[in-house]
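Position one of the sequence shown corresponds to residue 0 (numbering that gives the first Met the number 0), numbered consecutively onward.
Think of the CB as a built atom: it goes at the ideal place given N, C-alpha and C, for glycine as much as any other residue.
Values in this document were obtained by computation on a predicted structure and should not be read as measured data.
Right, one structure below, let's go through it.
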Amino acid sequence: MRQRGGAERAKTVRMFFWKRGVLAAAMAALILSGCSEYESSEELRAQAGTEAQADGEVQAAAEVRTSKQTETGADISGRSQSRTRAAVPEFETVSDRVYVNTEGGSVRIRSACDTADASNILANVPDGTSLSRTGKNADWTRIQWEGKTGYISTAYISETAKQKKTQISAGSSSQGGAIAENGRQVLLDPNWDYAEFAKITSGTAVLYQSQTAERKNLTICVNAGHGTKGGASVKTQCHPDGSPKVTGGTTGAGAVTAAAVSGGMTFDDGTPESSVTLSMALILKDKLLAKGYDVLMIRETEDVQLDNIARTLIANNASDCHIALHWDSTSSNKGAFYMSVPNNVAYRNMEPVKSNWQKHNALGESLVAGLKEKGVKIFSGGSMEMDLTQTSYSTVPSVDIELGDKASDHSQAALKQLADGLAAGIDQYFAG
């Protein structure tokens, strides 16, 4: 009996492994044939055991790869084919400036011509951004971006600057000051991005077009700081997302609202800061027009009814950069510096700061370099981190430049030297 039982068990074992072999071969044949409708019997599934489970895992993995390839638009010729990167395209070499054209949205700058890879995104840039182009073809445009080579879909590139979205009318300023013959009023448009946050909006900026033979087709917003009657008694939101300030200043860190326009300080000789910023703005305007820049003047008289947000939005929509003129409240004749964007992760990740803070700091560095070139005293390293309403809402390169403090010389000669330095810094920024 023991011998017979042993023989039967041996026969059963041989049959089991024969069936497993047949099953494996059948399954392999089915997989190779591409048949997806086959279902084994309960007995075969039970006998397949771990082999069937392993085959199922391989099948699932292949399906996941296929799904991912489909989502990224890869050319799929087989179930387990992996995505391949397209060859670097050929470019026609060029050297000029082009402009982002997205009808109000933003577009990605990438480090490679591959839209299937999110890790190659260098930046998102808004509509109207000016770019230095180095190569072009039908699909991709090659540019220089912050010292790196980048690529943008050619479909979102224009060779002509976008028309600024402004409410402009011919005539003289409603603020009562005499203006040049070609001055045009620029009003705040309530449909602009962030316009709902502005509280003092009835004033008018004035846009001047350079009359020189070599006009640059660039508009510089010159913002004479302060000079809004009643501005200190009105509060506006510091950040568009309602988050608190991350640095101190005229308004302390942690505040969510600030004075719409502060009154400014008084120089040691009793002169109001707002009067000096106005004199500085008028001198700078003439120098920039002579150089071929168009100039957007936020304020040309002692009072303009535009708060800091309204001024910023007008600059965003009617200029290529925004320079606000100020002097600091200390009394040490410390020299000039610019207010840089705070090195704070949350602040730098807030829009529109996230998309523009590097341009703000680059403009500030250029202005300080220009001032230094013209012999202007520079404070410390030339910058101080500050969370400002202006830069929190800016979508064009924007800087608050502090040209000294209460003890600084603000004679006409000193202001002309400062204007020469600022103009040199603007040249440097746009040449880069």
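Per DSSP, reduced to three states, the secondary structure at Gln143 is strand.
In the DSSP assignment, the residues bridged to Met383 are Met338.
In this structure Met279 is in contact with Leu324, their Cβ atoms being roughly 5 Å apart against a cut-off of 8 Å.
Contact between Glu372 and Gly420 holds, with the beta-carbon distance rounding to 7 Å and staying under 8 Å. Secondary structure of Met264 (DSSP, three-state): coil. In the three-state reduction of the DSSP assignment, Thr276 falls in the helix class.
For Lys135, the uninterrupted beta strand (DSSP E) run begins and ends at 129 to 135, by DSSP.
It is roughly 54 Å from the alpha-carbon of Ser330 to the alpha-carbon of Asp116.
In this structure, the beta-carbon distance from Asn355 to Ser393 falls below 8 Å. For Ala413, the CB contacts under 8 Å within the same chain, skipping 5 residues up- and downstream, are Ser407 in chain order. Residue Val245 holds the alpha-carbon nearest to the alpha-carbon of Glu384 among Val245, Arg107, Leu417. Residue pairing of Tyr193 in beta bridges, as defined by DSSP: absent, with no partner found. Taking every protein chain shown into account, the CB of Asn216 has fewer than 16 other CB atoms within 10 angstroms, so this residue is exposed. For the options Thr388, Thr148, Gln416, the alpha carbon positioned closest to that of Gly248 is the one of Thr388. Three or more pairs of CB atoms, one per stretch, sit closer than 8 Å, so the region 101 to 110 contacts the region 149 to 159. The Cβ neighbour count for Ile199, taken over all protein chains shown within 10 Å, is at least 16; the residue is labelled buried. Under the 10 Å beta carbon count, Asp138 is surrounded by fewer than 16 other beta carbons and is classified as exposed. Contact between the region 253 to 268 and the region 339 to 349 is not established, with fewer than three Cβ pairs separated by less than 8 Å. Judged by their CB atoms, Gly230 and Ala258 are nearer to each other than the 8 Å cut-off.
Sequence-distant Cβ neighbours of Thr270 in its own chain, meaning closer than 8 Å and more than five residues away, are His409.
Where Val93 is concerned, there is no enclosing alpha helix (DSSP H), although the beta strand (DSSP E) around it starts and stops at 91 to 99. Per DSSP, the beta bridge partners of Glu401 are His325, Phe336.
Distance check between Asp327 and each of Ala317, Ile377, Thr114 places Ile377 closest, using alpha-carbon atoms only. For Thr388, the secondary structure class from DSSP, reduced to helix, strand or coil, is helix. A residue is called buried once 16 or more other Cβ atoms fall within 10 Å of its Cβ, and Gly380, having fewer, is exposed. The continuous alpha helix (DSSP H) containing Leu421 extends over residues 411 to 430. In its chain, beyond the 5 residues on either side, Ala85, Val87, Pro88, Asp138, Trp139, Tyr150 have a beta carbon closer than 8 Å to the beta carbon of Cys112.
DSSP lists Val294 as the beta-bridge partner residues of Tyr207.
By the CB criterion at 8 Å, Leu370 and Ala418 fall outside the cutoff.
The beta carbon of Leu121 lies closer than 7 Å to those of Ile108, Arg109, Ser110, Trp144, Lys147, Gly149 in the same chain, with the five residues before and after it left out. Residue burial annotation: Val93 is exposed, with fewer than 16 other C-beta atoms found within 10 angstroms of its C-beta.
Take Ala223, set aside five residues on each side of it, and the residues of its chain with a beta-carbon closer than 6 Å to its own are Thr276, Leu277, Ala280, Arg298, Leu324, in chain order.
Under the three-state reduction of DSSP, Ile313 is assigned to helix.
Residue range 218 to 223 is occupied by the beta strand (DSSP E) that includes Ala223. DSSP, read as helix, strand or coil, puts Ile308 in helix.
Restricting attention to Asp319, Asp306, Leu186, the CA atom closest to the CA of Cys237 is found in Asp306.
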